[in-house]
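The structure appears below as structure tokens.
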Amino acid sequence: MSPTTDTTQGGHRLVIVESPAKAKTIKGYLGPGYVVEASVGHIRDLPNGAAEVPDKYTGEVRRLGVDVEHDFQPIYVVNSDKKSQVKKLKELLAEADELLLATDEDREGEAIAWHLQEVLKPKVPVRRMVFHEITKHAIQEAVANPRELNQRLVDAQETRRILDRLYGYEVSPVLWKKVMPRLSAGRVQSVATRLVVERERERIAFSSAEYWDLTGTFGTGRGGDQTDPGTFGARLTSVDGRRVAQGRDFGPNGRLKPGADVLHLDEAGARSLAAGLADSRFSVRSVESKPYRRSPYAPFRTTTLQQEASRKLGMGAKVTMQVAQKLYENGFITYMRTDSTTLSDTAIAAARSQVTELYGADYLPDKPRTYASKVKNAQEAHEAIRPSGDRFRTPAETRLTGDQFRLYELIWMRTVASQMKDAVGQSVTVKVGGRSSDGRDAEFSASGKIITFHGFMKAYVEGADDPNAELDDRERRLPQVAEGDPLTAEGIEADGHATKPPARYTEASLVKELEDREIGRPSTYASIIGTILDRGYVFKKGTALVPSFLSFAVVGLLEKHFGRLVDYDFTAKMEDDLDRIARGEAQAVPWLRRFYFGEGTAGGAADAGNGDGDHLGGLKELVTDLGAIDAREVSSFPVGDGIVLRVGRYGPYVERGAKGEEGSQRADVPADLPPDELTVEYAEQLLAKPSGEFELGTDPQTGRMIVAKDGRYGPYVTEVLPEDTPKTGKNAVKPRTASLFKSMSLDTVTLEDALKLMSLPRVVGTDPESGTEITAQNGRYGPYLKKGTDSRSLESEEQLFTITLDEALAIYAQPKQRGRAAAKPPLKELGTDPTSGRPVVVKDGRFGPYVTDGETNATLRREDDVETITPDRGFELLAEKRAKGPAKKTAKKAPAKKAAAKKTATKKTTTAKKTTAAKKTTAKKTTTKKAAAKTTAAKKAAVAEQPE
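Structure follows, in structure tokens:
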């Protein structure tokens, strides 16, 4: 039964999807008889603060938005920005004969469908319409084969939402009180932050160690060519039968692992051995050859797509999912939130057809390949991420551009490659031995690989997180040698190495770590990483994720006082329990009761307490008694030599000696300083710098003290007002203040400099033609002249005090430059952008440095430095900016027309009405102001964990 046939029999169906783009695409496949409208995401959710809770709810219910005393009943409210859309949907539904809920087929999509049904209260038949790709065939099949709402999926999603609400609303206030206002905690975000912090702790504890080995270049004595090279390199592996230490023998602290039975060569030992082997005779001791075989990678699922897009395209997880969403909604790929690596029979046939067409029958295996999911509790009935349709469009056929083209091409290549033959070849290991002049036996080893049939590698080769790692298609040819063959040492060199600290997580490697530990759901990782970046717990340095000092304080508090809540195994077990609820193997309310109240004996992951024995306290008990948490202790970290780092309300700082004590020192720490770079030496430098408030002297005219300060926006000078000076109200007095010039510094500024700075703006003179005063002023965008409303830029700050009236008039005599000034030379060149194909440069703009390819501009973040920014980081910033799309312009409302007063009204009546209306307006404004104040206060008082 096709949709067209069905709807011509009378009436029409209302189809509701999440996004307008999706609605537009689907409408094109359904035709007349169907109305397709978007809900624009969630239409209903838990209240965002007490102000949104209906008045009938009070106490804890009002604060949490969940009635914990009555089976954890959630309080749902229609989002204020969705009320007009809900009204529109109700109007459309009133004219429909059937409602098809076509939201995504996962937990969140099922919950959105349930909320739509609950809010719209349809009186017509309701069906669930599900599909995994937006093609004409898939949509028509979905219409012809609807199903009922899956209440188990809804229960699982609602339990997850309630759990996250309780976690966020109960634990976040602890952080407000003990660390800093407006922080947040979350079931997965806090664990993800802990992973990043723990990696930084390893880097802080790391101390570099040297280890040495030898590299030999050996010749066969015969000429070489591309297939049989005459020389090859080999690395020293053992001396007198004892293995030489390599990087893998050192732990994350940089030192040799305990019990490692290896020879740790130092520089002197390595050079001595190299010299002793210089004139030695060498021979081949063994040749081991074995077949090489590499099978294709499984088709993409959500996390592997995010990882590869990061490695190959420089896209963060968030950008990847935004671009994939557009590809899905416009019918280019299947659903992009999936744990599955399975391909449908249709997709396998399409992929195999393209293998034959593009690479030939020799690359097609006899049987279709299938892939088992490696994700525990893999859920939702989706395929792997693949090109949509029963025939895959090649990237060129899509007519896509930019990031959408690059991501589609990646998905297309991976899918086609998954149905190709293995790559095969030979791998060879050659061991070379010789004796030094002092009798020591040295053995070298070389490995080679020859790929005789590239198979799937013709289409696709996976990237690696380690930039130094060899990719699968890399060949290394060794000469054809046999055991006993003599070799000539053409060079023996001593090589020094230093252990490196554990690499920081990137978005790709953090996604992999979370998935390996079975924490959270793969479909939520992009939003989790976005959350910890937005909250300031983590910032980026290049592609690396660096924890802030604030995150050290937050994680330290949670580990010490809420240990189970950030325990990796505990969090993974919670995910298992939520999956059990989705499968109908567990009930939501008893599970939530154990988690929140800690009722009964041990109840698995639902027990949130830290205690042992029969009783494990629930979340409520943990957040009730906060007396044991020392706020100063959780925000303090010893640096060394009596210096302590503290996380304060206005940022991190180092301190030596208690505040107020004689000789105590204190200095702010740059917010973007990686914690592993805060050494004792660096802290000493910070403490030695001028900081705080410096008295420069008394203003002879006012008698007020003039001081210099280092503020949030840079150094400045200001006057100290008497204590009884009113600071607020009509008679408030503001102190004169001025920023230091770029050429000035706190340790050199004088009282004379300060008084000159605070004298600005300076009157330069009067324009003889217009009689308008001309002033020299220092503004946000630099020094300038002002004459009435006409402003002209000055070349330097020093001109503010030196420019004469004649010079000012000469500037005004020139035509005012319209548009942009002459372009400044770029600060740095980064190469060609892989998306636009244009050269990317770093420029200095009005609001600071930014990267641009001539079409798209992206401001550098606080963690980015012009000197150290890499090309990949520049491309990533541009990709993020493109994914956001152009800035939305707010349309201005036309002013309301005033109704003309009726001429028949008497003057007395009109006056009376005006008086009454004025009173009502005043009362209404007062009520509105009070309500607005209550709403603002309530929103500030509640930071919720977003749905994960």
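Residue numbering for the sequence shown follows full-length UniProt numbering, beginning at 1 and increasing consecutively.
Virtual Cβ for every residue (Gly too), placed ideally from N, Cα, C.
Original post:
Based on the DSSP output, what are the partners of K421 in its beta bridges?
Top reply: DSSP, once it has assigned bridges, lists no residue as partnering K421.
Original post:
Looking at C-alpha atoms only, which residue of T802, K87, Y812 is the closest neighbour of T789?
Top reply: Y812
**OP:** Compute the distance between the beta-carbons of W212 and G433, then report whether it is under 9 Å.
**Re:** no
**OP:** Using the Cα positions of D67 and I333, report the straight-line distance between them to the nearest angstrom.
**Re:** 41 Å
**OP:** Pull up the distance between the alpha-carbon of E148 and that of R161, whole angstroms please.
**Re:** 22 Å
Original post:
For L14, which residues from the same chain have a beta carbon less than 6 Å from its beta carbon, with the 5 sequence-adjacent residues on both sides left out?
Top reply: V35, L92, L93, A96, L99
Original post:
So, V171 versus P547, is the Cβ gap smaller than 9 Å?
Top reply: no
Original post:
Does the Cβ-Cβ distance between P146 and P501 come in under 9 Å?
Top reply: no
Subject >> Distance CB(T543)-CB(E575) smaller than 9 Å >> reply: no
Original post:
Expressed to the nearest angstrom, what Euclidean distance is found between the alpha-carbon atoms of R414 and F250?
Top reply: 36 Å
Original post:
By Cβ distance, which residues of its chain are closer than 6 Å to A351, with the 5 residues on each side in sequence left out?
Top reply: T415, V416, Q419
Original post:
What's the gap between the Cα of K734 and the Cα of L760?
Top reply: 15 Å
Original post:
Under a three-way DSSP split, which group does D495 fall into?
Top reply: strand
Original post:
Mind checking D106: buried by the 16 CB within 10 Å criterion, or exposed?
Top reply: buried
**OP:** Compute the Euclidean distance between the alpha carbons of residue 959 and A205, then round it to the nearest angstrom.
**Re:** Outside the shown range of the chain (1 to 948) lies residue 959, about which nothing can therefore be said.
Original post:
Quick one, are the C-beta atoms of F539 and P675 less than 9 Å apart?
Top reply: no
Subject >> I139 versus K884: straight-line alpha-carbon distance, rounded >> reply: 28 Å
Original post:
Helix, strand or coil: which one does DSSP assign to M457?
Top reply: helix
Subject >> Buried/exposed call for L400, threshold 16 Cβ in 10 Å >> reply: buried
Original post:
With respect to the alpha helix (DSSP H) encompassing Q587, which residues constitute its N-terminal and C-terminal limits?
Top reply: Element bounds for Q587: n/a, residue is neither H nor E.
Subject >> Pairwise C-alpha distance: D240 and V428 >> reply: 24 Å
**OP:** Just the C-alpha distance for T357 and N857, rounded to the nearest angstrom, thanks.
**Re:** One detail in the question is off: residue 357 reads as Glu in this sequence, not Thr. Near 41 Å, if we compare the C-alpha coordinates of N857 and E357.
**OP:** Give me the Cα-Cα distance between F456 and G484, rounded to the nearest whole angstrom.
**Re:** 38 Å
**OP:** Find out if the Cβ-Cβ distance for the pair A683, G640 is shorter than 9 Å.
**Re:** yes
**OP:** Starting from the C-beta of V154, find all residues in its chain whose C-beta is less than 6 Å away, skip the five residues before and the five after it, and write them out in chain order.
**Re:** E110, A111, W114
**OP:** Taking the CB atoms as reference points, tell me whether A442 and L273 lie closer together than 9 Å.
**Re:** yes
Subject >> As assigned by DSSP and simplified to three states, the class of Q777 >> reply: strand
**OP:** Grab me the residues of A917's own chain with a C-beta within less than 7 Å of its C-beta, minus the 5 sequence neighbours each way, in chain order.
**Re:** Residue placement at A917 is flagged as unreliable, the pLDDT there being 46, under the threshold of 50; the coordinate-derived value follows with that caveat. Counting only Cβ-Cβ distances below 7 Å, and skipping sequence neighbours, we find nothing.
Subject >> Sub-9 Å separation of T220 and P522 beta-carbons >> reply: no
Subject >> Proximity below 9 Å, CB of E493 to CB of L214 >> reply: yes
Subject >> E148 - containing beta strand (DSSP E), residue span >> reply: Run containing E148: none; DSSP gives neither H nor E here.
Subject >> 4-residue-minimum alpha helix (DSSP H) runs that sit fully inside the segment 119–173, ordered along the chain >> reply: 136–144
Original post:
Looking at the structure shown, is Q701 part of a helix, part of a strand, or coil, going by DSSP?
Top reply: coil
Original post:
Are there 16 or more other CB atoms within 10 angstroms of the CB of E329, so buried, or fewer, so exposed?
Top reply: buried
Subject >> Three-pair Cβ contact test at 8 Å for the segment 333–342 versus the segment 297–316 >> reply: yes
**OP:** Please say whether R222 and F444 have beta carbons closer to each other than 9 Å?
**Re:** no
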